[in-house]
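Presented below is the structure to which this report refers.
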Amino acid sequence: MLIVTSEHLPGCEITAVHGLAQGSTIRAKHLGRDIGAGLKNLVGGELKGYSELMEQSRNEAIERMTEHAASMGANAIIAARFTTSELAGGAAEVYAYGTAVTIA
Numbered sequence: 465m466l467i468v469t470s471e472h473l474p475g476c477e478i479t480a481v482h483g484l485a486q487g488s489t490i491r492a493k494h495l496g497r498d499i500g501a502g503l504k505n506l507v508g509g510e511l512k513g514y515s516e517l518m519e520q521s522r523n524e525a526i527e528r529m530t531e532h533a534a535s536m537g538a539n540a541i542i543a544a545r546f547t548t549s550e551l552a553g554g555a556a557e558v559y560a561y562g563t564a565v566t567i568a
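Per this note's numbering, residue 465 is the first one in the sequence shown, and the count goes up by one each step.
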């Protein structure tokens with residue numbers, strides 16, 4: 465499945481538009497990451513535990529979006545985007561969406 469952020473694919477013809485493809489995941493922080501992040505805040509630097517959590521979340525949201533697009537008969541997703549939102553209790557949602565299309 466080809467996934468792009470652009471609205472056009474040079475050299476490809478869009479033969480069908482299937483609609484919105486979407487996928488999301490909700491993840492919560494865990495105590496070990498929170499303790500490490502608190503210590504890192506004192507000295508500065510990347511919060512690797514949170515970076516890894518967000519990468520896993522993005523990958524899962526993309527996988528679910530791809531499965532949704534494939535279930536509609538698409539072989540590509542154009543105009544792909546991400547959004548995140550914080551939920552109660554230290555949980556966050558990562559939402560991936562785009563337009564499912566068939567390209568030739």
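Even for Gly, the Cβ is constructed at its ideal location relative to N, Cα and C. Since we're looking at a predicted model, the values are computed, not measured.
Excluding the five sequence neighbours on either side, which residues of its own chain have a C-beta within less than 6 Å of the C-beta of residue i, listed in chain order?
| i | result |
| --- | --- |
| Thr489 | Ser521, Glu524, Ala525 and Val558 |
Helix, strand or coil for residue i, going by three-state DSSP, please let me know.
| i | result |
| --- | --- |
| Gly487 | strand |
| Thr530 | helix |
| Leu466 | strand |
| Glu524 | helix |
| Ala568 | coil |
From the DSSP secondary-structure annotation, give me the bridge partner or partners of residue i.
| i | result |
| --- | --- |
| Gly562 | Ala485 |
Excluding the five sequence neighbours on either side, which residues of its own chain have a C-beta within less than 8 Å of the C-beta of residue i, listed in chain order?
| i | result |
| --- | --- |
| Glu531 | Gly487 |
| Leu473 | Leu466, Ala540, Ile542 and Ile567 |
Answer yes if the segment 560 to 567 comes into contact with the segment 534 to 547, meaning at least three C-beta pairs across the two stretches below 8 Å, and no otherwise.
-> yes
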